[in-house]
Each structure stands twice: as structure tokens, then as C-alpha cells.
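In the UniProt record's numbering, the protein residues as written are 1 to 484. To keep things clear, I will list the structure first and then write my remarks on it.
As C-alpha cells, this is what we get:
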């Protein structure tokens, strides 16, 4: 790839090296400042505490950097800081009791062994556990099986093949962000990381198709619009590990991430709250909160910079040809059914209900997509790419909120733009699947007519109230099902 081409799309070598160094420095400061006895770090995550998880992830980061030619001194400095601030006594006791933990809490000891910083006792305990016939004595989801095989390779210098686990992974299933949670997103990105040895190996054939690529691309639009720079960075890593390049959406997202990173001095985590930060009275509490909520996003941001530096990246994928797209039939039908429902609920003429519905501007957690699109376009990207990305984000967020009127409008906006994307197709299909036998659309139609909707106020307010009440009913029903 020509240097200027990479600089324009991904950043210059000097810039990427500086971002990697900043991430390593942040990781070391976290390791040195985190208090393992503080409630934030003592949180129980199952097999490990929050502090143990942070130490393992910092160690993994150091190891991945150390196997390249970049920032070697900083990587080793981080490893030595981990050794200095990590007491392995508890981990050794747990591994002696449960050998299966050798590939979870024992991972950091294997990392320290790679740096020549593990003690003879630590090495002996972990390796003996890895040889135990009871190593696989517990159940794990597919991407965790891949994780365990990769950690096992740290001791054996080879990766055990586990094709059945990969085939069962979400990464190999038909899915889309409309139907995904954040956990599903992480399951996909982690499967890609371990299956490719963090980009050191070609992607297995089962991951090298368009289906997964399109799912990840749609998720990039979703996470950028939602401000989730943690999962977003892992999705960008997945694109680089799969095809050694970013998609047009990925380029937009990476440049936006770099701009925000430069503005704030760090990549913000979705769990970081300015209000929560200032609510702490003591400086030490604020420091623990900041490191706890920021370290992971900074680590994965650093890994994106590392991948762009170390891999033979190619120019970004060219925007696909815009296929002709017309408004799907499900949209018109949904608008008609919603109008009929509103006419019944509000006791008004159907034509008036249709007119009121047509006048409404649906908003929600996706915010103002026009402003979002304008902001992204201001970064210098092709307007058609940015508009398609913004439309995809609006469709995904509306479907995730189960806001069917917003979804219908987003699909109509996309039809005006005239560019077909997999997300438009998935959104139209999702909407079509909400129709009920005998008439009606959406789970809200299963509820009794909302008496509150017939109250005072202008028609627009009453329409909004009627649909909002439907959504409240749906949310209550769904939360009750989850609780049950």
C-alpha cells in the first residue's frame, strides 16, 4: 500500500506509533494505579475479579505488541509493571483446586512466562494443570472455547484446531445488529481474534465470506452512531484481521475515532459518565473510576493502531455499486396499519390519522440523523457513503428500540436516498415480520387500546402518546418475560 494512501485512510506511521505508545502508557498507569481492594476492581466476574481481568488484558496487550517491531521498550516496561503489581498467590491456589482455570486466570502467568518474568513455581502449577485430564471439565460458549485454545497455545507454541467450536460461533451464523446485543458483538469479534491469532494467521474459510463482513460492517454503523467506541474498535480490528483493510464505513468510523481521541486525549468508554466522575468527592476515587472505565477502550484502540502498523494493510474497500432501491412493501403496509390503529384508538377519521402520521418527525435514541450525517460528511467522506451509513444506523437503532414508526420512516428515508444496503433489506424484513394475522402491526397491537391516548392535546401530541403507550406496554411485557 502506498504510504500516502495509508496516511489518508488510516493515519501516518508516526501517528499510529504515537497512538500505540499512548495506549501502552495508559495501560501501564492503570496497572500501577489500580487498587485491587477497591470495590470497583473487586467486582466478581465469575472466574476472575475486575482487577484480574484488567491485568490479563494488559498482559495480552503487551505480548501482542512485543511480537512486532513496534514500541518494544514500552511493551516490556508494561510487562515488568504487571509483574511488580501482581500477586499470583490467589491464582495459583485456584488453579491447584480447579485445573480448568489454567486457561483463564492462568493466562497472565503464561504471558509473564513468555517475557521470562514468571517464577518456577508459577510455571510448574500452570503447565501441570494444562496437562490435566480435567482441563475441559466445564461448559463454555463457542468463542470461549476458541479463547481457551489460544491461551493453551501460549504454553505449547501451537494452536489446537477446534473447527466445531468455530462453526458454532455467532460469527458463523446468520445475524444482523438488528437482532444482536453488545455481548453478541463481542462474541463475534473475539471469535475472529482467536481464529486468526490476532491477525497473524489467515482467516479460516468459514469466516472469509461476505455474510460475516456485512454483519460487521452494519455493526460499525450501529456502534459509531451509538457512541460505543469500545465495541467499535473491536469491530475495526475484525475487519483488519479478516481482509487486511477497512470498509468505507470502517474508514469513516476510524477517522471519527481518531478525531475524538485527539480532542479528548483518550477514547471514551461507553460506561464512562462525566456526571458519575464529578460526583466523587475525593481525587483518588475519581482516578480509580477513570482507569476502571477507560482502560479497555484504550487497549483496543491501541490494538487497531498496532494492526494498521504491523499488517500488510491494503487500501480501503471501494464503495459498492449502488443497487436500485425502492421503498419495500412492508413500509407502506405498516404505515397503513398504524394509521388504522390510531384512527381506532383516537376515535378520528382514518384519513386524518394518516395525515397526522405523515406529519410526524420520529426521534429517539439515535438522535438527529441529519446532523449525524452532516457531521460525518464534514470529515471529507463521500456523501453517498456517509448517508448510507447514517441511514443504516437509524434503521438499526429504531429496530433495537422496537420503535416501528421510526423504523418505517428510516426505511422511507433510505428509499429516497436510493441506495440498497444489507441493513435496509434486514430492516424491511424485520418490519414485515411484525404483521399480525387479522390485521395490525407490532407487539403493541396486542395490547388493549390505550385510553390515555384519547385525552386532551393536539392531534400530534395524542398520536405520539398513543404510540408511546404501545411501546411502554411492549417494554413491560418483554421485561416481564425476561424476569420470568
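All residues carry an ideal CB built from backbone N, CA and C; glycine is no exception.
DSSP-derived helix/strand/coil call for residue 49: strand
Assigned secondary structure, residue 198 (DSSP; H/G/I helix, E/B strand, else coil): coil
Within 7 Å, strictly: CB atoms of residue 302 and residue 23: yes
Beta-bridge pairing of residue 44 - partner residues as DSSP gives them: 49
Outcome for residue 276 when other beta-carbon atoms lying within 10 angstroms are tallied against a minimum of 16: exposed
Coarse secondary structure for residue 291, derived from DSSP in three states: helix
Simplified DSSP assignment, three categories, for residue 430: helix
Whether residue 309 touches residue 16 by CB criterion (7 Å): yes
Presumed contact (8 Å Cβ cut-off) between residue 62 and residue 34, rounded CB distance: About 15 Å; that fails the 8 Å criterion.
Buried/exposed call for residue 262, threshold 16 Cβ in 10 Å: exposed
Per DSSP, cross-strand counterpart(s) of residue 241: Paired residues: none, contrary to the question.
Alpha helix (DSSP H) runs contained entirely in the stretch 133 to 182, provided each spans 4 or more residues: 142 to 156 and 163 to 168
Three-state secondary structure (DSSP) of residue 449: With a pLDDT of 39 at residue 449, under the threshold of 50, the modelled position of this residue cannot be trusted, and the question is left open.
Extent of the continuous alpha helix (DSSP H) to which residue 249 belongs: 248 to 264
Start-to-end residues for the alpha helix (DSSP H) that takes in residue 106: Looking at the DSSP string, residue 106 is not in any alpha helix (DSSP H), and its letter there is neither H nor E.
Reduced DSSP category for residue 115 - H, G, I as helix; E, B as strand; rest coil: coil
Contact under 7 Å by Cβ, residue 311 with residue 255: no
Bridge partner(s) assigned by DSSP for residue 229: According to DSSP, which records beta bridges pairwise, residue 229 is partnered with nothing at all.
For residue 435, the three-state DSSP class (helix, strand or coil): strand
Close Cβ partners of residue 141 (< 8 Å) along its chain, the five nearest in sequence each way excluded: 187
Cutoff 8 Å; reference residue 42; Cβ partners in own chain excluding five residues on either side: 36, 49, 50 and 51
Same chain, Cβ closer than 6 Å to residue 284, five either side skipped, listed in chain order: none
Pair within 7 Å by beta-carbon distance, residue 217 and residue 257: no
Cβ contact (3+ pairs, closer than 8 Å) linking the stretch 263 to 273 and the stretch 289 to 300: yes
CA-to-CA distance, residue 109 to residue 123, given in whole angstroms: 7 Å
Bounding residues of the alpha helix (DSSP H) (the contiguous stretch that carries residue 26): 13 to 33
Proximity of residue 9 and residue 251 at Cβ, strictly below 7 Å: yes
Under 7 Å between C-beta atoms of residue 100 and residue 153: no
Segment limits, alpha helix (DSSP H) that includes residue 280: Unbroken run through residue 280: none, as it is neither H nor E.
Nearest-angstrom beta carbon gap, residue 81 and residue 28 [assumed within contact, 8 Å]: 5 Å
Backbone CA spacing between residue 55 and residue 86 [nearest angstrom]: 8 Å
Contact check, residue 21 vs residue 58, beta carbons under 7 Å: no
Beta-carbon proximity check, residue 398 vs residue 373, cutoff 7 Å: no
Start and end residues, alpha helix (DSSP H) containing residue 392: 383 to 400
Inter-residue Cα distance where the pair is residue 178 and residue 384: 22 Å
Within 7 Å, strictly: CB atoms of residue 267 and residue 297: yes
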